[in-house]
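What follows is one structure encoded as structure tokens, with my remarks underneath.
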Amino acid sequence: AGTEEAYSSAEYLRAVSLDDEGAGGVIVLDPILRGTKITGVNLDLDNPAGNPDPAQLAGLGWVRLKFNVSRNPNFPPHDEARAFGNQDVNFTFNRYLPYLQACQRAGVKVILILGHQTYGEGGGFTWESLNDERWKTFFTPNFINIVKQTAQIFKDKNLVHAYQIWNEQDTLPEHIRSAIPIKPEIYGYLLSESIKAIRA
657 AGTEEAYSSA EYLRAVSLDD EGAGGVIVLD PILRGTKITG VNLDLDNPAG NPDPAQLAGL
717 GWVRLKFNVS RNPNFPPHDE ARAFGNQDVN FTFNRYLPYL QACQRAGVKV ILILGHQTYG
777 EGGGFTWESL NDERWKTFFT PNFINIVKQT AQIFKDKNLV HAYQIWNEQD TLPEHIRSAI
837 PIKPEIYGYL LSESIKAIRA
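For what it's worth, this note's numbering labels the leading residue of the sequence shown as 657, then goes sequentially.
Encoded structure:
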């Protein structure tokens, strides 16, 4: 219930690449993308099926990974008190390092997502308890502390090529589970503070 599925018939679809521009009416909207690999895949290092050998991904272009500092995989997920709430960026860096180095060797670029799993899960508060004031005065400073540590530890290592700040912040409040909604003005503040921290 509440789930919608959509299907496409292959006879109505056509695979194209940036090399096809101008042929058969294909138009690349952004000239900046010409000659750039824009293909990629979402991965999840905490999912056994979500972390294929990066050597198999060579030539793909990009991988997108959440940087899950909050999760401590040394404990099973049902042991919530110990499995979530981690804030040790070095521990998480060392956990991700072999995979990121393998991506580097394969020539695959990495987008690292800094979001509610970077800081917040198991953080001793509920998302519903965050009003506008607490988003700005409580959550954002704590999140920025983790963002700053993350950016510093990855600096000059050529392992991360882009950061994504938050994910699906337009999720409806009644759907809080795998994504946490943020009001645009709060997100704007969180984003600007994150950019400052990454560039520091």
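Quick reminder that beta carbons are idealized off the backbone N, C-alpha and C, glycines included.
- For the pair of segments examined, the stretch 755-766 was found to touch the stretch 713-720: the number of CB pairs separated by less than 8 Å reaches three.
- Annotated three-state conformation of V766 is strand, per DSSP.
- Collapsing the DSSP output to three states places K804 in a helix.
- Here I854 has V803, A807, Y819 as same chain residues with Cβ atoms under 7 Å from its own Cβ, once five neighbours each way along the sequence are excluded.
- If you check the CB distance, G778 and F740 come in under 7 Å.
- DSSP lists L770 as the beta-bridge partner residues of I821.
- In the three-state reduction of the DSSP assignment, N746 falls in the helix class.
- In this structure, the alpha-carbon of T793 lies about 14 Å from that of G776.
- In the DSSP assignment, G844 falls within the unbroken alpha helix (DSSP H) covering 840-855.
- The DSSP-derived three-state label of K811 is coil.
- Here the alpha carbons of P729 and P704 stand approximately 12 Å from one another.
- When secondary structure is reduced to three states using DSSP, F723 falls in the coil class, being assigned neither helix nor strand.
- In terms of Cα proximity to V745, the closest of G844, V725, A856 is V725.
- Here the alpha carbon of W822 sits roughly 9 Å from the alpha carbon of T774.
- Between Y845 and T796 a beta carbon distance of about 7 Å is seen, short of the 8 Å cut, so the two are scored as contacting.
- Residue environment analysis places N750 among the exposed positions, since fewer than 16 neighbouring C-beta atoms fall within 10 angstroms of its C-beta.
- Residue pairing by DSSP places W718 opposite G696, K765 in a beta bridge.
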